[in-house]
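Take a look at the structure set out below.
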Amino acid sequence: MKVPILAAASGLAFSASLIVSPTFAQGERVDANGMPTTHSTPQEQAETAAINKDVAANNAAADAQADANSAAYQAQQQQYQQQQQQYQNQLDRNQTQQQEYRDRTAMYEGLRTRYAAERAAYRRGIWPDRYEKWVIVEHDPNLVGERVQLLNGNRVGTVIDTAHASNGNVEALLVRLDSDKVVWIDIADVRYNRADGIVMTNLEAGDLRHMADERL
118 MKVPILAAAS GLAFSASLIV SPTFAQGERV DANGMPTTHS TPQEQAETAA
168 INKDVAANNA AADAQADANS AAYQAQQQQY QQQQQQYQNQ LDRNQTQQQE
218 YRDRTAMYEG LRTRYAAERA AYRRGIWPDR YEKWVIVEHD PNLVGERVQL
268 LNGNRVGTVI DTAHASNGNV EALLVRLDSD KVVWIDIADV RYNRADGIVM
318 TNLEAGDLRH MADERL
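Per the working numbering, the sequence shown starts with residue 118, numbered consecutively.
Next comes the structure, spelled out in structure tokens:
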């Protein structure tokens with residue numbers, strides 16, 4: 118009867134050892150008391166913090182790049198719109214100038230046609246040799262503002278505008294005389310000394326004053 122009792126006691130001791138000493142999977146994290154735990158080690162916490170920092174930095178960099186791209190796009194759009202507006206303004210100015218050219222030319226043509234016979238009778242001086250080749254044949258923006266002189270060197274007025282043919286050539290100069298009257302002078306009656314900035318006319322002062330009194 119001793120053997121069964123001893124065997125029973127051994128089985129009880131083995132069962133107790135199973136209860137008191139559980140087994141763990143290899144590599145499972147345990148605390149100081151040997152019990153399983155989910156707490157990270159200081160090294161793991163440092164690694165997690167570093168990863169989170171890198172992710173945050175990458176996200177911030179991506180946001181900053183997106184903001185920069187958006188700002189650059191907005192700047193490009195604004196510049197494009199400004200360029201478009203400048204182009205439209207220039208186009209409008211050109212169209213206005215073209216209309217002004219047409220209006221001035223029509224005004225001059227009407228005046229020249231009406232008084233052609235009378236103006237043909239005006240006295241004209243002989244051009245000195247040095248002025249014979251200084252004929253105005255194309256649009257010259259420097260004409261406006263240039264002083265106008267007679268052949269004898271006396272100043273009679275200032276160019277304030279021009280009339281143009283369809284090919285752009287200057288047809289006539291609108292001159293404000295020193296008497297404050299204005300007169301159209303046909304291009305055939307002027308020469309331009311570009312070096313000195315002087316417009317010469319071979320018409321006489323009296324005829325210019327008479328022409329200024331002509332009205333359509």
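Here a beta-carbon is modelled for each residue, glycine too, at the ideal position from N, C-alpha and C. Here the structure is a predicted model, which means the values were calculated and not measured.
Express the C-alpha separation of Glu-226 and Asp-220 in angstroms, rounding to a whole number. Roughly 10 Å between the two C-alpha positions.
Is it buried or exposed for Asp-313, if we count other Cβ within 10 angstroms and need 16 for buried? Asp-313 is exposed by the Cβ-count criterion.
Quick check on the DSSP output: what are the complete beta strand (DSSP E) runs of length 3 or more inside the stretch 230 to 302, in order along the chain? Listed in chain order, they are 264 to 267, 272 to 281 and 287 to 294.
Pair within 9 Å by beta-carbon distance, Arg-308 and Glu-249: Taking a C-beta distance under 9 Å as the contact criterion, Arg-308 and Glu-249 qualify as a contact pair.
Per-residue burial, Val-261 [other beta carbons within 10 Å of its own, 16 or more giving buried]: Val-261 comes out exposed.
What is the rounded straight-line gap between the Cα of Ala-178 and the Cα of Ala-192? Distance between Ala-178 and Ala-192, taken at the CA atoms: about 21 Å.
Can you look up Thr-318 in the DSSP assignment and give me helix, strand or coil? Note: Thr-318 maps to strand in three-state DSSP.
Is the separation between the beta-carbon of Thr-279 and that of Val-265 shorter than 9 Å? It is not a contact, given that the beta carbons lie outside the stated cut-off.
Going by alpha carbons, who is nearest to Val-273 out of Ala-282, Ala-167 and Asp-295? Comparing Cα-Cα distances from Val-273 to each of Ala-282, Ala-167 and Asp-295, the minimum goes to Asp-295.
Using C-beta distances below 7 Å, list every residue in its chain close to Met-317, excluding the 5 sequence neighbours before and after it, in chain order. Take Met-317, set aside five residues on each side of it, and the residues of its chain with a beta-carbon closer than 7 Å to its own are Tyr-248, Gln-266, Leu-268, Val-307, Arg-308 and Asn-310, in chain order.
Thinking just about the alpha-carbon of each residue, which of Ile-302, Ile-277 and Ile-304 is nearest to the one in Arg-293? Comparing Cα positions, the closest option is Ile-277.
Do Ile-304 and Asn-284 come within 9 Å of each other at the CB atom, strictly closer than that value? Taking 9 Å as the Cβ cut-off, Asn-284 and Ile-304 do not qualify as a contacting pair.
Using the C-alpha atoms, what's the distance from Asn-319 back to Ile-243? Rounded to the nearest whole angstrom, the C-alpha separation of Ile-243 and Asn-319 is 7 Å.
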